[in-house]
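Comments concern the structure below.
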Amino acid sequence: MYKAISLLSIFGVAVLTALVPDIAMAAEGGSGDLTKLGLAIGAGIGIGIAAGIAGYGQGIATAAALTGIARNPSASSKILTPMIIGLALIESLVIYALLIAFLLQGKI
Amino acid sequence: MEHFSWFTLLGLDKYDYILGSILVLILLALAGFKIRSALSRDDSVLPDEKFSIKTIFEILTIDFLFDLLTNVLGSRENAKRYFPLLAGSFFFIMFANLLGIVPGFLPPTGNFNTPVACSIVIFVMYNYYGFKENGLSYLKHFAGPVIFLAPLMFIIELVSHFVRPVSLSLRLFMNISGDHLVLGVFTNLVHYVVPAIFVGLGIFVSLLQAFIFTILSTIYITLATAHDTAIE
Numbered sequence: 001m002y003k004a005i006s007l008l009s010i011f012g013v014a015v016l017t018a019l020v021p022d023i024a025m026a027a028e029g030g031s032g033d034l035t036k037l038g039l040a041i042g043a044g045i046g047i048g049i050a051a052g053i054a055g056y057g058q059g060i061a062t063a064a065a066l067t068g069i070a071r072n073p074s075a076s077s078k079i080l081t082p083m084i085i086g087l088a089l090i091e092s093l094v095i096y097a098l099l100i101a102f103l104l105q106g107k108i
Numbered sequence: 001m002e003h004f005s006w007f008t009l010l011g012l013d014k015y016d017y018i019l020g021s022i023l024v025l026i027l028l029a030l031a032g033f034k035i036r037s038a039l040s041r042d043d044s045v046l047p048d049e050k051f052s053i054k055t056i057f058e059i060l061t062i063d064f065l066f067d068l069l070t071n072v073l074g075s076r077e078n079a080k081r082y083f084p085l086l087a088g089s090f091f092f093i094m095f096a097n098l099l100g101i102v103p104g105f106l107p108p109t110g111n112f113n114t115p116v117a118c119s120i121v122i123f124v125m126y127n128y129y130g131f132k133e134n135g136l137s138y139l140k141h142f143a144g145p146v147i148f149l150a151p152l153m154f155i156i157e158l159v160s161h162f163v164r165p166v167s168l169s170l171r172l173f174m175n176i177s178g179d180h181l182v183l184g185v186f187t188n189l190v191h192y193v194v195p196a197i198f199v200g201l202g203i204f205v206s207l208l209q210a211f212i213f214t215i216l217s218t219i220y221i222t223l224a225t226a227h228d229t230a231i232e
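Protein chains in written order, with this note's numbering: chain A, 1 to 108; chain B, 1 to 232.
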C-alpha cells in the first residue's frame with residue numbers, strides 16, 4: 001500500500017510539472033507608450049519597495065542576533081547559523097519581486 | 001550580453017548547462033574514487049598532513065554537515081539514513097554554483113531547469129519519507145490542530161506544500177543567475193579592479209545558497225517524519 005501511495009504521489013507531481021508550461025503561457029498585449037510607461041514604473045517601484053522593506057527586516061534580524069552574541073559570546077556559532085538562515089529566507093522574498101521586475105521589464 | 005565559454009571551442013554552445021552538469025558529476029565521481037582509495041589504506045583514521053581533497057571533504061561532511069543534520073533531525077540514526085540524499089544535493093549544488101566563478105564556464109544552476117530538477121527530487125523524497133515513516137497518518141499533518149477546521153486547513157496546507165519546491169528552485173535559480181548578471185553589468189561598467197569584489201560576492205552566494213537548500217530540505221524532512229506526540 002505504501003508503494004501505491006508513493007507511486008501515486010510521484011505520478012501527481014509529474015502531471016503537474018507537465019501542465020505548468022501550458023498554464024504559464026500568457027496572451028500578448030499591445031505595446032503603446034502608456035503601456036511601456038506603466039511597465040517601467042511598475043518594475044522600478046516594485047523592486048525598490050521590496051528591497052527597502054527587506055533591508056529593514058534584515059536589520060531587525062541582525063540586531064537581535066548581535067544582542068544575543070553580546071549577552072553570551074560563547075554561543076556565537078549557535079546564534080550565527082539561524083541568523084544566516086533567517087537572512088536568506090528574507091532575501092528570497094526580494095528575489096521573487098526581482099523575478100516579477102524582470103518579467104515586466106522584458107515586456108517593454 | 002555575450003558570454004564566452006570553453007564549450008564554444010567544441011561547437012557545443014547550446015548545451016552549456018547540460019555539459020556543465022556532466023562536468024560537475026565527473027569531478028565529484030573522481031573525488032569520490034580518490035578519497036575511497038585514500039580511505040582503504042591502514043592509517044586512514046589519521047588526517048593527512050598536507051591539504052588534500054580528503055581533508056576538504058572530511059571537514060565539509062563530518063565536521064559540518066553531519067553535526068548539522070544531527071542537530072536538526074534529532075538523532076544520529078536519522079542523520080545516517082538521510083545523509084546520502086542531503087549531502088549529495090549539498091555537494092552537487094555547491095560545485096555547480098562554484099563552476100560559474102571559474103572564468104569560461106556557465107553555472108548549471110543558472111538555467112531554470114537544474115534547480116527545478118533538484119527541488120522536485122526533494123519534494124518527492126520528503127513526501128515518500130513521510131509516508132514511509134508515518135503510514136497513512138502522514139495525511140493528518142494536513143488537517144491542522146482541530147478536526148472541524150480540517151477542510152479549510154487542508155487547502156491552506158496543500159498550497160503551502162506545493163509552494164515549497166517552487167520557492168526552493170526560484171531562490172537558487174535567481175540568486176545564481178542574478179549574481180552572474182550583476183557581475184556582467186559591473187564588468188561592463190568598470191573594466192579592471194572593481195569586479196573582483198563581485199567575484200568574492202559570487203563565491204559567498206554560491207556557498208550560502210547550497211547551504212540554505214540543504215538546511216531547508218532537512219527541515220522539510222524533519223517536519224514530514226515527525227511522530228505526533230500528544231501536544232495537549
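Using N, Cα and C, we set each Cβ at its ideal position, and we do this for glycine too.
Subject >> Whole-number beta carbon distance between B/I120 and A/V13, since they are thought to touch under 8 Å >> reply: Right, the Cβ-Cβ distance comes to about 6 Å (below 8 Å), so this counts as a contact.
Original post:
Going along chain A in order, which residues have a C-beta closer than 9 Å to the C-beta of B/F131?
Top reply: Per Cβ cutoff of 9 Å: Y2, I5, S6, S9.
Original post:
Should B/D48 be labelled buried (16 or more other beta-carbon atoms within 10 Å of its own) or exposed?
Top reply: By the neighbour-count rule (16 or more Cβ atoms within 10 Å), B/D48 is not buried but exposed.
Subject >> Buried versus exposed, by CB contacts within 10 Å (16 or more), B/Y129 >> reply: It is buried - the Cβ of B/Y129 has at least 16 other Cβ atoms within 10 Å.
Original post:
Looking at the unbroken alpha helix (DSSP H) that takes in B/Y128, where does it start and where does it end?
Top reply: B/Y128: member of the alpha helix (DSSP H) spanning 113-134, first to last residue.
**OP:** For the alpha helix (DSSP H) holding B/F198, just list the boundary residues, first then last.
**Re:** Note, B/F198: alpha helix (DSSP H), 195-224.
**OP:** Would you kindly report the start and end of the unbroken alpha helix (DSSP H) that includes B/R41?
**Re:** Judged by DSSP secondary structure, B/R41 falls outside any alpha helix (DSSP H); it is assigned neither H nor E.
**OP:** Could you say which of B/T222, B/P165, B/W6 lies nearest to B/P103 if we only look at CA atoms?
**Re:** That would be B/W6, whose Cα lies nearest to the Cα of B/P103.
Original post:
How would you label B/G74, buried or exposed, when you count the other beta carbons within 10 angstroms and need 16 or more for buried?
Top reply: Looking at its Cβ environment, which holds fewer than 16 other Cβ atoms inside 10 Å, B/G74 is exposed.
Original post:
Just to confirm, are A/Q58 and A/L98 a CB contact at a threshold of 9 Å?
Top reply: Not a contact, by the Cβ cut-off of 9 Å.
Subject >> Local Cβ density within 10 Å of A/R71, reported as buried at 16 or more and exposed below that >> reply: With a threshold of 16 other beta carbon atoms within 10 Å, A/R71 falls short and is exposed.
Original post:
What does B/R171 touch in chain A if you count any residue whose Cβ is under 9 Å from its own?
Top reply: Neighbours of B/R171 on chain A, chain order: A88, L89, E91, S92, I95, Y96.
Subject >> Residue closest to B/S167, alpha-carbon to alpha-carbon, out of B/L152, B/F112, B/H227 >> reply: Nearest C-alpha to B/S167: B/F112.
**OP:** List the residues of chain A that B/V124 touches, going by C-beta distances under 8 Å, in chain order.
**Re:** The answer, in chain order, is S9, I10, V13.
Original post:
In its own chain, which residues sit with a C-beta less than 7 Å from the C-beta of B/I231, not counting the 5 before and 5 after it?
Top reply: Low confidence applies here, because B/I231 scores a pLDDT of 46, under 50, leaving its location unreliable; read the following figure in that light. So the list is empty, once near-sequence residues are dropped.
**OP:** Measure from the C-beta of B/G135 to each C-beta in chain A and report whether the shortest distance is under 9 Å.
**Re:** Judged by the 9 Å Cβ criterion, B/G135 is in contact with chain A.
Original post:
Helix, strand or coil: which one does DSSP assign to B/Y192?
Top reply: The answer is coil: DSSP assigns B/Y192 none of H, G, I, E or B.
Subject >> Endpoints, alpha helix (DSSP H) assigned at B/T8 >> reply: Annotation: B/T8 is outside any alpha helix (DSSP H) and is labelled neither H nor E by DSSP.
Original post:
Between which two residues does the alpha helix (DSSP H) carrying A/L98 extend?
Top reply: The continuous alpha helix (DSSP H) containing A/L98 extends over residues 76-106.
**OP:** Following the continuous alpha helix (DSSP H) through B/F57, name the residue where it begins and the one where it ends.
**Re:** Element bounds for B/F57: 53-58.
Subject >> With 16 other Cβ atoms within 10 Å as the buried cut-off, status of B/P145 >> reply: Under this definition B/P145 is an exposed residue.
Original post:
What in chain A is Cβ-close to B/L208, meaning under 8 Å?
Top reply: I84, A88, listed in chain order.
Original post:
Listed from N- to C-terminal order along the chain, which residues in the stretch 151-176 of chain B have their beta-carbon within a distance smaller than 7 Å of any beta-carbon of chain A?
Top reply: Listed by position along the chain: S167, L170, R171, M174, N175.
**OP:** Determine the DSSP secondary structure at B/G110, reduced to helix, strand or coil.
**Re:** Here B/G110 sits in helix by DSSP.
Subject >> Backbone CA spacing between A/G106 and B/R164 [nearest angstrom] >> reply: Looking at the two C-alpha atoms, the distance is approximately 26 Å.
**OP:** Report the rounded CA-to-CA distance for A/A27 versus B/G100, giving the unit in angstroms.
**Re:** Because the pLDDT at A/A27 is just 44, under 50, the model does not fix this residue reliably, and the value given afterwards should be weighed accordingly. Going by the C-alpha atoms only, they are around 34 Å apart.
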